[in-house]
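Okay, structure first, notes after.
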Amino acid sequence: MSESNCVLIGRKPVMNYVLACITLFHGGAETVSIKARGRAISRAVDVVEIVRRRFLPDVSVKNVDIGTEQLAPNEEGGRPTNVSTIEITLAK
Numbered sequence: 021m022s023e024s025n026c027v028l029i030g031r032k033p034v035m036n037y038v039l040a041c042i043t044l045f046h047g048g049a050e051t052v053s054i055k056a057r058g059r060a061i062s063r064a065v066d067v068v069e070i071v072r073r074r075f076l077p078d079v080s081v082k083n084v085d086i087g088t089e090q091l092a093p094n095e096e097g098g099r100p101t102n103v104s105t106i107e108i109t110l111a112k
């Protein structure tokens, strides 16, 4: 899967990301990957459920990958921070 079929979830409203997913599927993409970190994980799950239940009922969840990224410390002598990640792959 190419990285152009990836939607990165951030702080924008949920419907912005739903529209991005729908646009990718209508553009001919067979799979769309939704990636999020930290507090945006719940927003990513909301996006997937809205796409599946309201707009594209023929789309299903193909794969869910979870993990942890270690971020560099904010200040000198600080400890590294662990941030949870999720990648949800939708397929037609």
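Residue numbers (the numbering used here): 21 to 112. We treat Cβ as the ideally placed atom computed from N, Cα and C, and that holds for glycine.
Using three-state DSSP, classify residue i as helix, strand or coil.
| i | result |
| --- | --- |
| D66 | helix |
| V81 | strand |
| I86 | strand |
Note down the Cα distance separating residue i from residue j, rounded to an integer number of angstroms.
| i | j | result |
| --- | --- | --- |
| K82 | G98 | 39 Å |
| M21 | T101 | Confidence in M21 is poor, its pLDDT being 48 and thus under 50, which makes the residue's placement unreliable; the coordinate value appears in the next sentence. Taking the straight line joining both Cα atoms gives about 30 Å. |
In the DSSP assignment, find the unbroken alpha helix (DSSP H) run with residue i in it and report its ends.
| i | result |
| --- | --- |
| A111 | Note, A111: premise wrong, no alpha helix (DSSP H); beta strand (DSSP E) at 101-111. |
| A40 | 34-46 |
I need the boundaries of the beta strand (DSSP E) containing residue i, first residue and last residue.
| i | result |
| --- | --- |
| I54 | 51-57 |
| V71 | No beta strand (DSSP E) contains V71, which DSSP labels as neither H nor E. |
When you compare each of the options to residue i by their alpha carbons, which one comes out closest?
| i | options | result |
| --- | --- | --- |
| S104 | A111, L91, V38 | L91 |
### Query
Counting pairs of Cβ atoms below 8 Å between the segment 48-63 and the segment 27-34, do you hit three or more?
Note that the segment 48-63 touches the segment 27-34; at least 3 beta-carbon pairs, one per stretch, sit closer than 8 Å.
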